[in-house]
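Here's the structure we're looking at; comments come further down.
Residue numbers (the working numbering): 2 to 476.
In structure tokens:
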């Protein structure tokens, strides 16, 4: 088993910032990431074989990447951290280099995943998530479509539209479910907590206007049409409760629909580690409980960036540094580090206020469940429709665990990342309770799909499991 001072999961902005802070202070770091190149989603790079690379866009990233050459940092790309079997230990799969690492401190900067919401036609070829669109453009220089509708909720729609325009796509419309303009003016003072981010957002909006892209607010996609692939998109007004005005439907021709309804923190590892979580829709859903130093309820385990609470790249960079400083202070409780932590805490507070203002502006309708018809797949991996869920619920399978067992919902390759949140909304609405009060299926390893062949390269010790398989480890 390897050992290191700090083990960091994720080589995106938060993980790279934490790595730089730690190695510059004299600690050894093992940085693991499941991508082939560093940068995460925000600083995603083209393959090295590509002759054209946008150096301006990655100039800031290159400064972060300098830490990868530091002698005290061991960087493992193409590495999937799949379990937290014991406190202070991570299990990872990396081909013939699979194994485990023991660390004095662990920083999880696992990033976030798209949260797609089902509607008729959402599984058609040509319908992709905002994150998927970003991956295609930034990671492979591939334009996902020629005539594109960008729809959903949240600031990520503006980012996706900007990259699509840069890639040469024609944006038929940006469709935002929130009544954006009215809320934006009322929160303008709060947005001044981060002037640079405010200026960036305004520049995106002006670029859309310059490109004559319709920006429709208070509307949502109600159906995607086409055979065998996407041909058109129907949109309709939506009120703050999620009610659809189907008497006022507009249909737009498109060969690509980019949908983004916010992001959800990737909490699989913090769940497996036994960290306490709470449900906050404004932060992306389930988030680990953290101290001001970003330490979770498991001592020595920190969660940062969008993998802990959705907040954007600036907040991720600052949180990565804060977690590394907190880990340093555990070993070297000196006045200079405390001063740096205080200054960084003030910066985090300003960014947090900006995040709250943005979340208020883009607050979505209370529910999107009215979009789902009985024939709509809720779980696309196992092709479980709303009608099937209703049938089993009528037979007595009222809870999430029962519905998962009877329908196989969330048992596919995505492991519930795309469908469990929708199931929770459906069950909570049916039972008249809060999502946080539901009995959620237990998270089990592996946190992400791994190759069995990779695991065979590791001499895995026998797990210590409770007699009752329904109890968590350590019970």
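Virtual Cβ for every residue (Gly too), placed ideally from N, Cα, C.
Here the structure is a predicted model, which is why all the values come from computation and not from measurement.
query	result
Spatial distance of residue 1 from residue 236 (CA atoms)	The structure shown has nothing for residue 1, since the chain only spans 2 to 476.
Nonlocal neighbours in the same chain, by C-beta distance under 6 Å from residue 1, ignoring five residues either side	Nothing about residue 1 can be reported from this structure: the residues present for the chain run from 2 to 476 only.
Through-space distance from residue 44 to residue 57, alpha-carbon basis	Residue placement at residue 57 is flagged as unreliable, the pLDDT there being 45, under the threshold of 50; a coordinate-derived value is accordingly withheld.
Contact set for residue 8: own chain, Cβ-Cβ below 6 Å, skip 5 residues either direction	31, 91, 102, 104 and 107
Close Cβ partners of residue 319 (< 8 Å) along its chain, the five nearest in sequence each way excluded	18, 345, 348, 349 and 352
Touching by the beta-carbon criterion (3+ pairs, under 8 Å), the region 154-171 and the region 261-274	yes
DSSP three-state assignment for residue 505, whether helix, strand or coil	Because the chain here runs from 2 to 476, residue 505 falls outside it and cannot be looked at.
Backbone secondary structure at residue 33 - three-state DSSP	strand
Exposed unless 16 or more other CB atoms sit within 10 angstroms - verdict on residue 96	exposed
Cβ contact (3+ pairs, closer than 8 Å) linking the region 110-117 and the region 214-229	no
The region 426-436 contacting the region 69-81, beta-carbon criterion three pairs below 8 Å	no
Residue 114: first and last residue of the uninterrupted beta strand (DSSP E) it sits in	113-115
Three-state class that DSSP yields for residue 74 in the structure shown	strand
Where residue 441 falls: helix, strand or coil (DSSP)	coil
Residue 135, buried or exposed, once every other Cβ within 10 Å from all chains shown has been counted against 16	buried
CA-to-CA distance, residue 334 to residue 395, given in whole angstroms	59 Å
Residue burial classification, residue 33 (beta-carbon count within 10 angstroms, cutoff 16)	buried
Residue 241 and residue 233 closer than 8 Å at C-beta	no
For residue 57, the three-state DSSP class (helix, strand or coil)	Residue placement at residue 57 is poorly supported in this model, since its pLDDT is 45, which falls under 50; the coordinates still yield a value, given next. Residue 57 falls in the coil class under three-state DSSP.
Reduced DSSP category for residue 200 - H, G, I as helix; E, B as strand; rest coil	helix
CA-to-CA distance, residue 148 to residue 254, given in whole angstroms	8 Å
CA-to-CA distance, residue 100 to residue 170, given in whole angstroms	44 Å
Residue 200 burial status per 10 Å Cβ neighbour count (16 or more: buried)	exposed
Extent of the continuous beta strand (DSSP E) to which residue 377 belongs	That residue, residue 377, is in no beta strand (DSSP E); it is neither H nor E in DSSP.
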